[in-house]
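In full-length UniProt numbering, the protein residues as written are 1 to 236.
Now the structure itself:
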């Protein structure tokens, strides 16, 4: 059964608890295991995708191990179904009202890593105009942004990039979700606007620091790895 889910996480990015109506429960095979997929009418859980890890949390007292998104109509990416994966058979039924609770600390870390990747990409393109960001991977411990092009001097880029990253954090650069002709974009302090379906901070100052882990260039392709320290200011 295909049921459309209202993705509240795209609007209420700092909301960590909500109620929802169960629209379907299915037993499925996932990762080689028999598990259950719970569908609700609307959700605050962000699914894995776009370079961002899946949210964690609970539906009532059941631990949600993974969240995935299915696009129901290739011609309309807004028609989606969100699958909340749990290990045990739910003790509630279709039609029940349930409480959704997202793990706040985990969400804030994923949101911070994703926003940091967009900030890094915008500033790297500003410093090195021959670099063009094409992909972001924002998983903890392995976060990186991939660019087409190579920097003239990797050491100089690292130094200048970290200086600019410190500057935009110190100056509280705003991060704003905007809608342009029906396309959801992240406006990075007026520097760039990139289409994105992830969760994001509202200001760069919610990250204490963004440090460059490494810069690797080969055959006109550059990857910049990074790490963050957050302020744990989770209220937006």
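We put the beta carbon where it would ideally sit given N, CA and C, even for glycine.
Since we're looking at a predicted model, the values are computed, not measured.
Would you kindly report the start and end of the unbroken beta strand (DSSP E) that includes residue i?
i: residue 213; result: 207-217
i: residue 82; result: 76-86
Use the C-beta contact count for residue i: other C-beta atoms within 10 angstroms, 16 or more gives buried, fewer gives exposed.
i: residue 39; result: buried
i: residue 195; result: exposed
i: residue 107; result: buried
i: residue 222; result: buried
Between the Cα of residue i and the Cα atoms of the options, which residue gives the shortest distance?
i: residue 77; options: 226, 187, 4; result: 4
i: residue 189; options: 173, 83, 221; result: 173
i: residue 211; options: 8, 10, 117, 98; result: 117
i: residue 65; options: 199, 47, 169; result: 47
i: residue 200; options: 88, 113, 61; result: 113
i: residue 187; options: 20, 123, 158; result: 123
i: residue 192; options: 81, 7, 177, 182; result: 177
Based on the DSSP output, what are the partners of residue i in its beta bridges?
i: residue 184; result: 179
i: residue 223; result: 146, 216
i: residue 192; result: 188
i: residue 62; result: 59
i: residue 174; result: 203
Go to residue i, then tell me how far its alpha helix (DSSP H) extends in each direction, as first and last residue.
i: residue 69; result: Counting along the chain, residue 69 falls outside any alpha helix (DSSP H), though it belongs to the beta strand (DSSP E) covering 66-73.
i: residue 160; result: 154-170
Hey, would you say the C-beta of residue i is under 8 Å away from at least one heavy atom of the ligand HEM?
i: residue 110; result: The ligand HEM is absent from the structure shown, which contains no ligand whatsoever.
Enumerate, from N- to C-terminal direction, the unbroken alpha helix (DSSP H) stretches of 4 or more residues contained entirely within the region 89-142. The alpha helix (DSSP H) runs of length 4 or more contained entirely in the region 89-142 are, from start to end of the chain, 104-127.
Go through the region 4-58 residue by residue and report every complete run of the alpha helix (DSSP H) that reaches 4 residues or more, in order. Given a length threshold of 4 residues, the region 4-58 has no whole run of the alpha helix (DSSP H) inside it.
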